[in-house]
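Notes follow once the structure below has been shown.
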Ligand SMILES: Nc1nc(=O)c2c([nH]1)NC[C@@H]1CN(c3ccc(C(=O)N[C@@H](CCC(=O)O)C(=O)O)cc3)C=[N+]21
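Residue numbers (our numbering): 530 to 835.
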């Protein structure tokens with residue numbers, strides 16, 4: 530098999546952001562107001578800080594108003610719920626994202642269910658989960674990572690996945706389950722595999738579309754990939770890379786890898802997403818798309834199709 534096509538998530542994400550930007554200008558001209566995105570972060574996890582920073586930066590690039598609430602790690606659940614309720618009531622806010630994970634003393638589910646479903650641009654509220662799983666896709670906010678992954682699948686295979694076998698490895702509420710719903714809505718035959726699946730390798734080898742969302746660095750080697758498959762790698766794992774030398778504090782430098790062994794898988798796949806530069810940038814782009822869609826809905830304006 531020839532070397533696989535590398536699916537450039539960064540380029541597709543840039544295209545989406547251009548569309549969001551243009552549509553934001555139209556909306557501003559019509560209503561005089563910009564879409565508003567509120568990001569709430571509790572605690573100082575450095576990785577979370579980086580993600581929140583790039584979300585805020587992209588929001589500004591799109592012409593949104595972007596507000597950030599940084600609460601310290603000891604913030605009580607009640608205080609956080611109040612912040613969320615205030616954002617629900619604020620007409621300048623179209624999208625609310627509470628960065629996960631939250632500190633242990635806070636009930637994550639309770640916080641998510643407090644977000645107004647029509648501002649839930651993460652798509653985690655039960656109302657949006659229900660909309661997606663009943664096929665009410667026009668009304669649903671779809672979680673950003675699976676929504677972005679789905680656009681990358683469509684880049685390669687088009688909109689109709691009739692006759693294709695899709696295997697998702699990972700059953701999380703944030704990625705695996707919503708990804709299954711999206712693939713099913715596009716007519717694929719869907720299997721959700723996970724850590725307790727018997728003969729995972731054989732199951733994966735049956736996949737025309739293989740989605741890896743296990744959170745284990747480079748776990749899916751070439752042996753898991755069917756010739757000609759489309760491979761979507763959702764994993765983002767930071768591993769030590771001693772070959773790059775040491776950081777100033779004497780610990781080894783790190784690099785990002787996915788859940789798929791890219792070098793091996795790309796010898797078999799027809800197309801594959803890299804890490805970084807694959808699904809990650811799409812996640813942020815879809816957050817912008819969802820926020821725009823929310824603002825358009827309030828304004829009674831047509832939102833672009835993505
Ligand atoms: N409520 C909530 N919603 C989220 O969407 C959410 C969250 N909580 N908590 C944390 C995760 C993580 N996440 C990422 C988004 C973009 C990249 C991304 O753009 N990654 C780049 C690399 C970035 C780097 O170099 O570290 C890439 O893959 O190319 C990664 C991770 C969103 N998350």
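Beta carbons are placed, not taken as given, at the ideal position from N, Cα and C, and that holds for glycine.
{"Asked": "Contained beta strand (DSSP E) runs [length at least 3] in the region 659-690, N- to C-terminal order", "Found": "none"}
{"Asked": "Range covered by the alpha helix (DSSP H) that runs through residue 729", "Found": "729-734"}
{"Asked": "Residue 654 beta carbon less than 8 Å from that of residue 635", "Found": "no"}
{"Asked": "Any non-hydrogen atom of ligand 2 within 7 Å of residue 823 CB", "Found": "Because ligand 2 does not appear in the structure shown, any question about it cannot be addressed here, the ligands present being ligand 1."}
{"Asked": "Proximity winner among 678, 673, 599, 739, relative to residue 822 (alpha-carbon distances)", "Found": "673"}
{"Asked": "Proximity of residue 770 and residue 780 at Cβ, strictly below 8 Å", "Found": "no"}
{"Asked": "Inter-residue spacing [alpha-carbon to alpha-carbon] between residue 717 and residue 535", "Found": "22 Å"}
{"Asked": "Same chain, Cβ closer than 7 Å to residue 664, neighbours up to 5 away in sequence not counted", "Found": "714"}
{"Asked": "Beta carbon of residue 548 nearer than 8 Å to that of residue 810", "Found": "no"}
{"Asked": "Residues that DSSP places opposite residue 822 in a beta bridge", "Found": "Paired residues: none, contrary to the question."}
{"Asked": "Beta carbon proximity, residue 712 to chain C, threshold 8 Å", "Found": "Protein chains in the displayed structure number just one, and chain C is not present."}
{"Asked": "Close Cβ partners of residue 744 (< 8 Å) along its chain, the five nearest in sequence each way excluded", "Found": "699, 764, 766, 788"}
{"Asked": "Coil, strand or helix - residue 781 by DSSP", "Found": "strand"}
{"Asked": "Own chain partners of residue 798 with C-beta closer than 6 Å, once the 5 adjacent residues on each side are dropped", "Found": "533, 754, 758, 760"}
{"Asked": "Bounding residues of the beta strand (DSSP E) (the contiguous stretch that carries residue 600)", "Found": "594-600"}
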